[in-house]
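Undergrad:
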Amino acid sequence: MSDYIINTIISGVWETLIMTFFASLFSYVVGLPLGVLLYVTSRGRLLENRAVNIVFGTIVNVMRSLPFLILLVLLIPFTRLVTGSSIGTVASIVPLTVGAIPIVARMVESSLCEVQPGIIEAATSMGASPLYTVLHFILPEATPSLIHGGAINVATVLGYSAMAGVIGGGGLGAIALQYGYYRYQSDVMWTTVTLLVIMVMVIQEVGTLLAKKKRK
Amino acid sequence: MSENVYTLTNVYKTYRNDGKEFEALKDVSLEVREGEIFGIIGMSGAGKSTLVRTLNRLEEVSSGKVEFYGRDLAELKQKELREVRHDISMIFQSFNLLNQRTVIENIEQPLRIAGVPRRERRDKAREMLKVVGLEAKENEYPTRLSGGQKQRVAIARALAADPKVLLCDEATSALDPKITGEILDLLKVINEERKLTIIIITHEMSVVEKICDRVAIIDEGNLAEVGDVKDVFSNPRSKAAKKLVFPSNPFDPSSPDGKLIRIVFDGLRASEPFIANLVEQTGLKVNILSANTRSVGGIGYGQMVLELPADPADQKAVVDFFKAGGLAVSEVNTYE
Ligand SMILES: Nc1ncnc2c1ncn2[C@@H]1O[C@H](COP(=O)(O)OP(=O)(O)OP(=O)(O)O)[C@@H](O)[C@H]1O
Ligand SMILES: [Mg+2]
Chain A
371 MSDYIINTII SGVWETLIMT FFASLFSYVV GLPLGVLLYV TSRGRLLENR AVNIVFGTIV
431 NVMRSLPFLI LLVLLIPFTR LVTGSSIGTV ASIVPLTVGA IPIVARMVES SLCEVQPGII
491 EAATSMGASP LYTVLHFILP EATPSLIHGG AINVATVLGY SAMAGVIGGG GLGAIALQYG
551 YYRYQSDVMW TTVTLLVIMV MVIQEVGTLL AKKKRK
Chain B
6 MSENVYTLTN VYKTYRNDGK EFEALKDVSL EVREGEIFGI IGMSGAGKST LVRTLNRLEE
66 VSSGKVEFYG RDLAELKQKE LREVRHDISM IFQSFNLLNQ RTVIENIEQP LRIAGVPRRE
126 RRDKAREMLK VVGLEAKENE YPTRLSGGQK QRVAIARALA ADPKVLLCDE ATSALDPKIT
186 GEILDLLKVI NEERKLTIII ITHEMSVVEK ICDRVAIIDE GNLAEVGDVK DVFSNPRSKA
246 AKKLVFPSNP FDPSSPDGKL IRIVFDGLRA SEPFIANLVE QTGLKVNILS ANTRSVGGIG
306 YGQMVLELPA DPADQKAVVD FFKAGGLAVS EVNTYE
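The listed protein sequences correspond, in order, to chains A and B.
First residue of the first sequence? That's 371 in this note's numbering, and the numbers climb one at a time after it.
First residue of the second sequence? That's 6 in this note's numbering, and the numbers climb one at a time after it.
See below:
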């Protein structure tokens, strides 16, 4: 492999990491509260509210059932509006974030569902408000599970970032596509794919380790 | 005359699920007095948990009134209810501690909810930890504690905000008899030293006998009987109470003509060797099928199930002998 290609791959790794990091971050900024909302408004929970639950639940389900490639295309105008461009690393963060939000929301919701109802009952019997109960009882108790889910989500975003390469995103995905698919340079393709696999594995391992350390 | 902590008047609770209705409480009226340890006992599914959960409005009543120091809980707004709940603490069978928080942080929770400043909170939590004898575990996580220790932490947490009443829903049911005894002793001490009213839900007679002043017996959602523990246990009137105090006898008479009787004696006569006297004075022999004595508030109570000789004349002689001695004698129906 030429120096040029090696440099391309190195910057590809960076681009992938940047996309994954920011898309994960932003998707949690929206997805975490959304997951909490879905949880507290569901049946028998703290702030049971059928209407709110159905509306947001439906939005999440619809978003989640769209194939990511379709979402990428659909979001082009929106991406351009936000970042001023529809191609490149920065632009890819927008569809990645939007695509990850519903996944994060459901993951958060399921982590919160694991919290023992008795803990919530104890909080209520102490005179805790619903907000206090969520912040100081439910979220701390769910933290190990949230971290575990977080690792899965970040790995998913990383996989999606490779797909974003298809419509002009940066990163390792784009490189694999360009050199492997269009130019038949299979050594480049396999290198990038191996790097992607290693990155996913590292994220997963770190997540599992953190969750384990956190679980008392 | 002490004040009533709780006054329940004609409380009904109906659960509605998927169109199905279930009446878990039927017309329950009772009073809990300040400073007492009040037991609520009944078989599984009788409605004990439902009843105790109406006391801090974890469960809304369907009709009737639950008054806490004269305030109808149902009329409180959410914010007022949260205030009132600072005065009503609760401990649970499953402890319900935060596993991701240390012991001391767990104990601080109710103070934090009440808005007590950090320093004060810590001091108070330490004081409570001392009350339950777990100073050494301050920075431990609950998952590293035994069941008994967890319940002590839960008690410390429950006491931290200086409640007026402590509700215990099967607080000792997950613990072995020895640890149960220790926890009950602790509750008794807290009751006496802090003048804290305690309401204990249980399905175990031994718990009520050990520490309760008064007891209510719940049977299929009905209040079967309520009164001083001594009275209810020595002279149960309702069928449900009888069933609890005299668990049905597992033995059958050895011959078809055999007759079983139950004699009940109080503290005084427990020390008298009346079976020996019987044999000595009448020459008749009885078979002891089961005997059971217990101490209620320091006085011994007991009951014995005896099988009488087959001859009806002998049977009468034995019964007369016991009755002459002032013992309560009743016939045991093996299929009761
Ligand atoms: N949320 C609910 N919906 C419908 N029925 C309920 C509900 N909670 C309790 N019940 C029913 O009400 C009855 C009383 O339940 P409760 O939990 O008060 O019993 P308990 O006396 O505490 O029993 P245990 O000793 O087993 O804890 C039971 O028959 C139970 O099935
Ligand atoms: Mg119960």
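Glycine included, C-beta positions come from ideal geometry on N, C-alpha and C.
(1) Could you tell me if the beta carbon of A/T494 falls within a distance shorter than 8 Å of some heavy atom in ligand 1?
(2) How many Å lie between B/L139 and A/L566 at the Cα?
(3) At 7 Å on the CB atoms, spell out the chain A contacts of B/T207, in chain order.
(4) What are the uninterrupted segments assigned as beta strand (DSSP E) that are 3 or more residues long and contained completely in the region 190-229 of chain B, given in chain order?
(5) At least one CB of chain A closer than 9 Å to the CB of B/E143: is that the case?
(6) Under a Cβ-count criterion, where at least 16 other Cβ atoms within 10 Å of its own Cβ denotes burial, should A/T564 be classed as buried or exposed?
(7) According to a CB-to-CB cut-off of less than 9 Å, which residues of the region 106-122 of chain B neighbour chain A?
(8) DSSP three-state label for A/A461, please.
(9) Give me the chain A residues within the contact set of B/F326, using Cβ-Cβ distance strictly less than 8 Å, ordered along the chain.
(10) Taking the alpha helix (DSSP H) that B/D319 falls in, what are its first and last residues?
(11) Strictly below 8 Å CB to CB, what residues from chain B border A/Y502?
(12) Looking only at C-alpha atoms, which of B/R76, B/L249, B/L171 sits nearest to B/S211?
(13) Just checking A/F448 against ligand 3 - is the residue's beta carbon closer than 8 Å to any of the ligand's heavy atoms?
(14) How far does the beta strand (DSSP E) with B/F100 in it extend, from its first residue to its last?
(15) Using a beta-carbon distance cut-off of less than 7 Å, what residues from the region 125-155 of chain B approach chain A?
(16) Decide if B/T207 is buried, meaning its Cβ has at least 16 other Cβ atoms within 10 Å, or exposed.
(17) Do we get a CB-CB distance below 9 Å when we pair B/E341 with the residues of chain A?
(18) Taking the alpha-carbon positions, what's the B/I203 to B/V194 distance?
(19) For chain B, find out if any of its Cβ atoms is closer than 9 Å to the Cβ of A/G454; answer yes or no.
(20) Would you please state the rounded distance, in angstroms, between the beta carbons of B/V158 and B/I93? I believe it to be under 8 Å.
(21) Identify the continuous alpha helix (DSSP H) that holds A/G405 and give its terminal residues.
(22) May I ask you to check if the CB of B/D174 is nearer than 8 Å to at least one heavy atom of ligand 2?
(23) Would you kindly work out how many angstroms separate the C-alpha atoms of A/L579 and A/K586, rounded to a whole number?
(24) For B/E341 and B/K247, what's the separation of their Cα atoms in angstroms?
(25) Cα-Cα, which of A/A393, A/A525, A/A546 is closest to A/Q574?
(26) Work out the CA separation of A/S412 and A/V558 for me, nearest whole Å.
(27) How about A/I424: is its C-beta nearer than 9 Å to some C-beta of chain B?
(28) Using a Cβ cut-off of 7 Å, pull out every chain B residue sitting near A/F507, in sequence order please.
(29) Identify the residues that DSSP records as bridge partners of A/C483: which are they?
(30) Taking buried to mean at least 16 other C-beta atoms within 10 Å of its own C-beta, is A/S531 buried or exposed?
(31) Identify which residue in A/L417, A/V399, A/A546 has its Cα closest to the Cα of A/I376.
(32) Since B/E88 meets chain A, which of its residues come closer than 9 Å, beta carbon to beta carbon?
(33) If you drop the 5 nearest sequence neighbours on each side, which residues of the same chain put their C-beta closer than 6 Å to that of B/M6?
(34) Starting from the C-beta of A/A493, find all residues in its chain whose C-beta is less than 6 Å away, skip the five residues before and the five after it, and write them out in chain order.
(35) Rank B/V170, B/P168, B/L313, B/L150 by C-alpha distance to the C-alpha of B/L180 and give the top, closest one.
(36) Let me see if you follow: with CB-CB separation under 9 Å, is B/F73 close to chain A or not?
TA: Considering the structure as presented:
(1) no
(2) Those two C-alpha atoms are separated by around 51 Å.
(3) Proximity of chain A to B/T207 at the Cβ level (cut-off 7 Å) is not reached, the minimal Cβ distance being about 18 Å.
(4) Within the region 190-229 of chain B, the complete beta strand (DSSP E) segments of 3 residues or longer fall at 202-207, 219-224, listed in chain order.
(5) Between B/E143 and chain A, the shortest Cβ-Cβ separation is not below 9 Å.
(6) exposed
(7) R106, T107, Q114, P115, R117, I118, A119
(8) DSSP places A/A461 in helix when its eight states are reduced to three.
(9) Correct list: empty, because the minimum Cβ distance to chain A is about 55 Å.
(10) 317-329
(11) I118
(12) B/L249
(13) Ligands present in the displayed structure are limited to ligand 1 and ligand 2, and ligand 3 is not among them.
(14) Unbroken run through B/F100: none, as it is neither H nor E.
(15) Y146, T148
(16) buried
(17) With a pLDDT of 41 at B/E341, under the threshold of 50, the modelled position of that residue is not reliable, and the figure given next carries that caveat. Cβ-Cβ to chain A under 9 Å: no for B/E341.
(18) 11 Å
(19) no
(20) That pair is no contact at about 19 Å.
(21) 373-411
(22) yes
(23) 13 Å
(24) Because the pLDDT at B/E341 is just 41, under 50, the model does not fix this residue reliably, and the value given afterwards should be weighed accordingly. Their Cα atoms are separated by approximately 10 Å.
(25) A/A525
(26) 48 Å
(27) no
(28) L103
(29) Bridge partners of A/C483: none, in fact.
(30) buried
(31) A/A546
(32) G497
(33) Low local confidence applies: a pLDDT of 47 at B/M6 is under 50, so the model's placement there is unreliable, and no value is given.
(34) The answer, listed in chain order, is T503, F507.
(35) B/L150
(36) no
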